[in-house]
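A.B. asks:
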Amino acid sequence: MQKDYLSIIEHEESISVCFYIEKEKPFGIGQKMGELNPNAYMNGYNWKAFLDTYLSKYHPDVYTDMGTDPEAGMYVAYYTLNEDNMQKSKKLFKIIAYLVENEDKIYQILEKEADNIEWD
Numbered sequence: 006m007q008k009d010y011l012s013i014i015e016h017e018e019s020i021s022v023c024f025y026i027e028k029e030k031p032f033g034i035g036q037k038m039g040e041l042n043p044n045a046y047m048n049g050y051n052w053k054a055f056l057d058t059y060l061s062k063y064h065p066d067v068y069t070d071m072g073t074d075p076e077a078g079m080y081v082a083y084y085t086l087n088e089d090n091m092q093k094s095k096k097l098f099k100i101i102a103y104l105v106e107n108e109d110k111i112y113q114i115l116e117k118e119a120d121n122i123e124w125d
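With positions in the sequence shown counted from 1, the corresponding number in this note's numbering is that position plus 5.
(1) Label Tyr5 either buried or exposed according to how many other C-beta atoms from any shown protein chain fall within 10 Å of its C-beta, with 16 as the threshold for buried.
(2) Ile26 by DSSP, collapsed to three states: which one?
(3) Measuring CA to CA, which of Phe98, Asn90, Asp66 is closest to Cys23?
(4) If we count the other Cβ atoms within 10 Å of its Cβ and call it buried at 16 or more, is Lys110 buried or exposed?
(5) Considering just the uninterrupted stretch of the beta strand (DSSP E) at Pro43, what are its terminal residues?
(6) Would you list the residues sitting across from Val81 in a DSSP beta bridge?
(7) Measuring alpha carbon to alpha carbon, tell me which of Leu41, Lys30, Asn44, Asn51 ends up nearest Val81.
(8) So, is Lys93 buried or exposed, given that buried needs 16 or more other C-beta atoms within 10 angstroms?
(9) Specify the secondary structure class of Ile122 as computed by DSSP and reduced to three states.
(10) Excluding sequence positions up to five away, which residues of its chain have a Cβ less than 6 Å from the Cβ of Glu108?
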């Protein structure tokens, strides 16, 4: 599974979902999010804050046992490597891809959940 802005990488003991937020499409979405809400300057830490809020509320099954490693230009979610977590990583990939490809959904979530998001 791969898009230019999203990939799943299997490591020896873990599996990572890598969201490359400086790619054209997510970068443009991040800029619009910042226009809609000044707290939402979308570096890796704020994508973490946004996705933590969204996933914990709407996809707690994917959020459970998920670690994150946000950076300035990237957001990484990871799990210990096992079959259940492999399925979680695939579902997370689909969730992020769906949101990016249906960006109005992101803006709706931002409007609805902005006060609940712990911005960087």
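Glycine residues also receive a C-beta, built at the ideal position from the N, C-alpha and C atoms. If you're wondering where the values come from, they're calculated on a predicted model, not measured in any experiment.
C.D. replies: In terms of the structure at hand:
(1) Given a span of 6 to 125 for the chain in the structure shown, any question on residue 5 remains unanswerable.
(2) coil
(3) Phe98
(4) exposed
(5) Premise fails: Pro43 is in no beta strand (DSSP E) and is neither H nor E.
(6) Cys23, Asp74
(7) Asn51
(8) buried
(9) coil
(10) Ile34
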